[in-house]
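Residues 12 to 418, numbered by this note's numbering, are exactly what the sequence shown covers, in order. Worksheet: the structure to be examined is printed underneath.
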Amino acid sequence: MALIVQKYGGTSVGSVERIQEVAKKIKRFKDAGNDLVITVSAMSGETNRLTSLAKDIHSQPSTREMDVLLTTGEQVTISLLSMALHDLGCDAISYTGSQVKIITDSVHGKARIQSIDDHRIRNSLSENKVVVVAGFQGVDESGNITTLGRGGSDTTAVALAASLRADECQIYTDVDGVYTTDPRIEPNAKKINIMSYEEMLEMASLGSKVLQIRSVEFASKYHVPLRVLSSMIENPEGTLITSEENIMEKAIISGIAHNQDEAKLSLIGVPDKPGIAFQILKPISDANIEVDMIVQSVSAREGLTNFAFTVHRNDYDKALNILENICKKLDAIGVQSDDKVVKVSLVGIGMRSHAGIAAKMFEVLHNENINIEMISTSEIKISVVINEKYLELAVRSLHSAFELENI
Ligand code: ASP
Ligand code: MG
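Here it is in structure tokens:
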């Protein structure tokens, strides 16, 4: 007998019929002798609907009241799902985040879980009940309702699994796992059967938006075996995300991630002396702009260097403005900028023990005549910034050169 935490996303509980289907699935797991704790999202579209109601009333609604509002979405689905289980003769009980006591900090809209009191859940499990917990929500020390940020139900599921020491945390969604790359770009993309937390973090942060990133960080910290699988197919195997030491055959490349929201800014001919990086990036960070890749080149001319970085496209105009001011202040030659760039990355833990991956990547891009504008590397990732018109070509040619269709 196993203790399994399962999470069903908004599409999986998007209608009464879907909720009934999910209940049938849960009952089968229960009848097979498992203990089950279920987390659900709000019905698909509900969180957006509630958000727009709030916006119709106030242009900047109070974050505390937003949390009171948004958590109702999940309260609807936990009760309906419990009723659907009752209808199948399966004993079940629902709890909101504050009933469980999922304690978070007080940062409304993106609260972090601090602790979970799992007594009520354990008691209900010992009464042989399926426990249904509202995703995406908690309560702070003063009793205020909080939410964990969009997609936060994934994190609720993983946190419950960690706290209960569950055998597995299963995230049911509308895709059947994590793919070697975006199947909309490369139709030959394959489902990955097993990957490490670290690889998933790289893939997730680079645009494979299957899981809330924070849930993967949580799973990694507490070693929760995490499986992403489809709620729409029978007996799915999905993708297992686990600790690196549990992976026998380490793929050199697990996948190719891409990020289309990049913009590149460069300061040309800036005096090469101590404090330059600080003086450029401090005002950027003071403006709450997150910087991704940073490259400072070797002094091009005597005493002068070039400094380039990428930001999210939404921050492009703001960053450009700031950089133009810095350019004047530091007496640099000029600013160059481009918001038509993308980042493409190869990710794989096997890279650690294989040399020559970067060279092969650059060769593939060279053969396609794709100019690389920036490069950055880590132990398990090589990223390049290229012009956005080459995105599909780069992803497809790398996918085939590294034979990812055969994994
Ligand atoms: N309902 C919330 C959202 O739409 C939380 C979740 O689905 O994970 O973001
Ligand atoms: Mg989601």
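Glycine included, every Cβ here is placed at the ideal spot set by N, Cα and C.
The residues 58 and 223, in chain order, have a CB closer than 8 Å to that of residue 161 in the same chain once the five nearest residues on each side in sequence are set aside. Ranked by Cα distance from residue 13, the first of 134, 42, 27 and 316 is 42. Residue 58 has its Cβ nearer than 7 Å to a heavy atom of the ligand ASP.
Residue 170 counts as buried, since at least 16 other C-beta atoms from the protein chains shown sit within 10 angstroms of its C-beta. In terms of Cα proximity to residue 91, the closest of 259, 401, 184 and 52 is 52.
Beyond the five residues adjoining it in sequence on each side, residue 132 comes within less than 8 Å, by CB distance, of 48, 106, 111, 142, 144, 171 and 175 in the same chain, given in chain order. The C-alpha of residue 384 lies about 10 Å from the C-alpha of residue 306. One Cα belongs to residue 418, the other to residue 210, and the distance between them is close to 16 Å. If you ignore the 5 residues before and after residue 56, its C-beta comes within less than 8 Å of the C-beta of 21 and 25, all in its own chain and listed in chain order. The shortest C-alpha to C-alpha distance from residue 409 to any of 268, 181, 35 and 234 is the one to 268.
Here residue 244 is actually not in contact with residue 178; their C-beta atoms are around 22 Å apart, not less than 8 Å. Taking 8 Å as the cut-off, the Cβ atoms of residue 332 and residue 279 do not count as close. When DSSP assignments are scanned along the region 144-231, the uninterrupted stretches of alpha helix (DSSP H) that are 4 or more residues long and fall wholly within it turn out to be 164-175 and 208-216. Around the beta carbon of residue 289, fewer than 16 other beta carbons sit within 10 angstroms, so the residue counts as exposed. Of 88, 97, 173 and 46, the smallest CA-CA separation from residue 134 is found for 46. Note on geometry: alpha-carbon atoms of residue 326 and residue 334 lie some 12 Å from one another.
Boundaries for residue 114: no alpha helix (DSSP H) harbours it, while the beta strand (DSSP E) harbouring it runs 113-115, taken from the DSSP string. It is roughly 14 Å from the alpha-carbon of residue 343 to the alpha-carbon of residue 286.
In the DSSP assignment, the residues bridged to residue 282 are 315.
For residue 119 and residue 181, the gap between their C-alpha atoms comes out near 27 Å. The C-alpha of residue 281 is placed about 10 Å away from the C-alpha of residue 340. Straight through space, the alpha carbons of residue 330 and residue 322 are spaced by roughly 8 Å.
Comparing alpha carbon positions, the residue from 54, 310 and 104 closest to residue 283 is 310. At the C-beta level, residue 81 and residue 122 stay beyond 8 Å of one another. Residue 60: member of the alpha helix (DSSP H) spanning 57-68, first to last residue. Check the Cα spacing between residue 265 and each of 381, 66, 396 and 212: the tightest is with 212.
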